[in-house]
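For reference, the structure discussed in these notes is given below.
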Amino acid sequence: MNIVENGIPPTNNPRRVAVVGAGVSGLVAASILAKSGHEVAIFETSSRIGGRVTTVRSPFTDGHHSEAGAMRLVDSYQLVYQYIKQFNLQTYPFINNDKAGKQYIYVNNVKTRYTDYLANPDILNFPTVGAERGKTAEQLWLQALKPINDMVNPEQGRDTVENWAKVVERYGQHSVNSYLNLETDLSSGAIEMIEVMVDLESRSSLSLMQQIVETIDHRPGTKYAAIVGGMDQLTNKLSDQVKALGVPIYFNSHLEQIDQDADGVTLRFDSPDIRASNTSLLPGVHAPPRLPVFQSDAAILTIPFPAMRYLKTTPPFSHNKRKAVRELNYNASTKIFLQFSERFWEKNDGIFGGQTITDLPCRFIYYPSNDMHGDNGGVVIASYTWASEARGWDSLSPNARVQYALDNVAEIHGEYIRDSFVVGTSHSWLIDSCSMGEAAMLTPGQFIELEGAIQQPEGNIHFGGDATSFKVAWIEGAIEAGIRTAVEVAGEHWPTD
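Going letter by letter, the sequence shown gives residues 10 to 506 in this note's numbering.
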């Protein structure tokens with residue numbers, strides 16, 4: 010059954026369902042359940058829909074925008090494309106690497122073009138040795154993962170549950186760094202090269218398993234796309250869909266307590282004035298009056314696990330769920346955006362989309378893939394960082410972030426670029442009180458210890474959000490979780506005839 014297109018069967022026993030969180034996962038779950046005949050209400054702690062799908066339009070001028078959160082789609086992720094087709098949304102290619110290879114690499118005080126690096130990886134002066142010389146970081150990384158890839162190679166029919174279980178059992182306690190140091194014969198110079206160039210340095214202490222899943226889903230040749238007009242066009246359409254189904258969305262509703270007994274689930278919300286929010290990237294919206302208490306038959310929580318730590322539950326969640334709430338690691342992630350009146354990266358450097366890699370604090374610079382060859386300037390993601398690297402930026406004031414990012418871009422492209430600078434802004438997901446982090450990034454062992462508990466319902470309380478999927482931090486994972494929780498809530502109440 011294609012649930013995105015056809016939904017689930019109409020119910021003969023409608024339930025009253027509370028969905029907490031108006032991000033992709035919550036909107037998808039609400040839509041599916043409402044179409045099936047259930048009575049659904051959505052509660053959102055902020056003043057907007059979308060969650061970490063956040064298109065930034067202010068303070069930019071001339072109609073420009075960029076993405077604080079999700080900024081690209083993967084061609085192999087089909088659920089999100091079904092929604093894009095359903096809503097008649099248009100996409101354009103998101104260029105991860107400039108086809109001509111003109112983007113810069115600026116590492117170890119060496120500035121070169123990507124094509125020159127591919128021709129001679131040793132130009133970056135990493136202290137690699139022996140057979141490591143002449144190989145790119147990507148080649149070294151894939152070489153390091155070969156024993157694991159061989160165990161689950163889909164081209165050889167080995168990507169079975171049993172073989173994956175063997176991989177998890179064998180390597181599940183490893184971080185990226187411990188695997189590279191203990192399970193390969195790579196030199197410290199090669200490991201450093203991998204971590205810097207493949208963007209693993211700030212996440213080298215995190216779970217190897219999660220990085221393997223990412224690597225498999227994003228093999229060389231993977232194509233990406235973005236939505237014309239901004240990624241929030243998707244969540245806007247989902248919001249329109251649930252509203253058309255009669256589903257109210259209560260904004261500024263911070264869940265404080267959730268009680269469960271034989272009669273159902275009771276949700277209690279506190280005053281929106283109690284919780285300060287750092288999410289005001291978009292104008293607020295007028296919402297239905299906030300409800301202090303809501304009685305339901307079932308609830309779906311799509312809020313981040315760190316936010317659940319501040320949630321009172323009666324009775325308490327199970328031991329394993331409480332452990333998952335306490336321990337599930339959420340990453341820091343920060344983007345800094347700079348608007349320029351001139352597309353100097355195209356005009357003077359020949360760069361059309363893609364990213365520049367550097368070991369400067371900004372780490373990764375993403376050039377816009379839309380409006381190429383235009384004469385109206387554009388917005389550059391001047392810094393995209395994660396984990397420890399993002400936390401450094403988070404400690405700076407908003408103005409300092411913009412200034413240092415502009416300094417880094419000028420160091421790479423030339424001081425003249427300051428003349429076309431218009432305005433800058435930034436967004437940190439770690440200090441965003443609604444998200445408390447970018448996404449769930451498992452630490453070593455958590456893939457084994459927590460995975461089952463993360464999804465497991467607690468009576469009539471169900472858990473969604475991308476953190477409960479295997480496609481963490483991607484819209485596809487949020488959709489998967491939304492579908493799963495809707496099926497969980499409605500499944501036992503489907504008609505049998």
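Virtual Cβ for every residue (Gly too), placed ideally from N, Cα, C.
Inter-residue Cα distance where the pair is residue i and residue j
| i | j | result |
| --- | --- | --- |
| residue 70 | residue 405 | 25 Å |
| residue 225 | residue 480 | 11 Å |
| residue 234 | residue 62 | 15 Å |
| residue 268 | residue 46 | 25 Å |
| residue 430 | residue 497 | 50 Å |
| residue 459 | residue 119 | 42 Å |
| residue 248 | residue 58 | 7 Å |
| residue 331 | residue 464 | 12 Å |
| residue 78 | residue 241 | 10 Å |
| residue 455 | residue 154 | 20 Å |
| residue 356 | residue 379 | 15 Å |
| residue 166 | residue 221 | 18 Å |
| residue 90 | residue 485 | 9 Å |
| residue 286 | residue 92 | Summary for residue 286: the model assigns pLDDT 41, below 50, so the residue's position carries little reliability; its value from the coordinates is reported in the next sentence. So the alpha carbons of these two residues sit roughly 30 Å apart. |
| residue 102 | residue 212 | 28 Å |
| residue 158 | residue 54 | 42 Å |
| residue 67 | residue 23 | 42 Å |
| residue 492 | residue 38 | 6 Å |
| residue 447 | residue 256 | 28 Å |
| residue 291 | residue 60 | Bear in mind that the predicted position of residue 291 carries a pLDDT of just 42, short of 50, making it too unreliable to give a figure here. |
| residue 365 | residue 394 | 13 Å |
| residue 87 | residue 264 | 32 Å |
| residue 51 | residue 12 | 20 Å |
| residue 94 | residue 200 | 42 Å |
| residue 293 | residue 261 | At residue 293 the pLDDT is 43, less than 50, meaning the model places this residue with poor confidence; the figure from the coordinates comes in the next sentence. Cα to Cα, the separation comes out at about 10 Å. |
| residue 56 | residue 117 | 44 Å |
| residue 382 | residue 124 | 22 Å |
| residue 122 | residue 495 | 48 Å |
| residue 340 | residue 143 | 33 Å |
| residue 176 | residue 160 | 7 Å |
| residue 15 | residue 85 | 21 Å |
| residue 171 | residue 409 | 51 Å |
| residue 28 | residue 300 | 14 Å |
| residue 398 | residue 314 | 22 Å |
| residue 150 | residue 411 | 33 Å |
Cβ-Cβ separation, residue j to residue i (assumed contact under 8 Å), whole Å
| i | j | result |
| --- | --- | --- |
| residue 310 | residue 449 | Not quite, the Cβ-Cβ distance comes to about 14 Å (not below 8 Å), so this is no contact. |
| residue 374 | residue 389 | 6 Å |
| residue 203 | residue 146 | 5 Å |
| residue 26 | residue 42 | 6 Å |
| residue 438 | residue 342 | 5 Å |
| residue 64 | residue 74 | 5 Å |
| residue 392 | residue 345 | 4 Å |
| residue 414 | residue 433 | 7 Å |
| residue 190 | residue 214 | The Cβ separation is near 12 Å, so there is no contact. |
| residue 111 | residue 359 | 4 Å |
| residue 217 | residue 183 | 4 Å |
| residue 2 | residue 445 | Since the first and last residues shown for the chain are 10 and 506, residue 2 lies out of range. |
Cut-off 6 Å between Cβ atoms - residues of its own chain near residue i, not counting five sequence neighbours on either side
| i | result |
| --- | --- |
| residue 246 | 96 |
| residue 302 | 277 |
| residue 362 | 104, 107, 376, 378 |
| residue 487 | 33, 34, 475 |
| residue 99 | 237 |
| residue 30 | 311, 312 |
| residue 81 | 103, 233, 235 |
Contacts around residue i, its chain only, beta-carbon distance under 8 Å, and the 5 residues preceding and following it disregarded
| i | result |
| --- | --- |
| residue 227 | 83 |
| residue 126 | 114, 132, 133, 145 |
Proximal residues to residue i (C-beta, below 7 Å), its chain only, five neighbours per side dropped
| i | result |
| --- | --- |
| residue 419 | 426, 427 |
| residue 490 | 34, 473, 474, 475, 477, 478 |
| residue 499 | 17, 20, 42, 45, 47 |
| residue 198 | 135, 136, 137, 138 |
| residue 250 | 40 |
| residue 369 | 115, 417, 420 |
| residue 462 | 329, 330, 332, 333 |
| residue 205 | 116, 368 |
| residue 244 | 33, 36, 58, 59, 62 |
Any non-hydrogen atom of the ligand NAP closer than 7 Å to residue i Cβ
| i | result |
| --- | --- |
| residue 269 | The model depicted lacks the ligand NAP and carries no ligand whatsoever. |
The region 464-484 in contact with the region 268-278 per 3-pair CB rule at 8 Å: With a cut-off of 8 Å, the region 268-278 and the region 464-484 count as touching, because enough Cβ pairs lie within range.
3-residue-minimum beta strand (DSSP E) runs that sit fully inside the region 302-390, ordered along the chain: Qualifying beta strand (DSSP E) stretches, in chain order: 302-305, 307-310, 321-323, 342-349, 364-367, 373-375.
Ordered list of beta strand (DSSP E) runs contained in the region 232-285, each at least 3 residues: Complete beta strand (DSSP E) runs here, min 3: 233-236, 263-270, 273-279.
Validate contact between the region 318-331 and the region 349-357 using beta carbons, cut 8 Å, 3 pairs: Segments in contact, no.
Contained beta strand (DSSP E) runs [length at least 3] in the region 11-96, N- to C-terminal order: Along the length of the region 11-96, whole beta strand (DSSP E) runs at least 3 residues long occupy 25-29, 48-52, reported in chain order.
Every unbroken alpha helix (DSSP H) within the region 401-436, with a cutoff of 4 residues, ordered by chain: Whole alpha helix (DSSP H) segments, 4+ residues: 407-422.
Sequence ranges, beta strand (DSSP E) only - wholly within the region 160-241, length at least 3: List check, beta strand (DSSP E) in window: 233-236.
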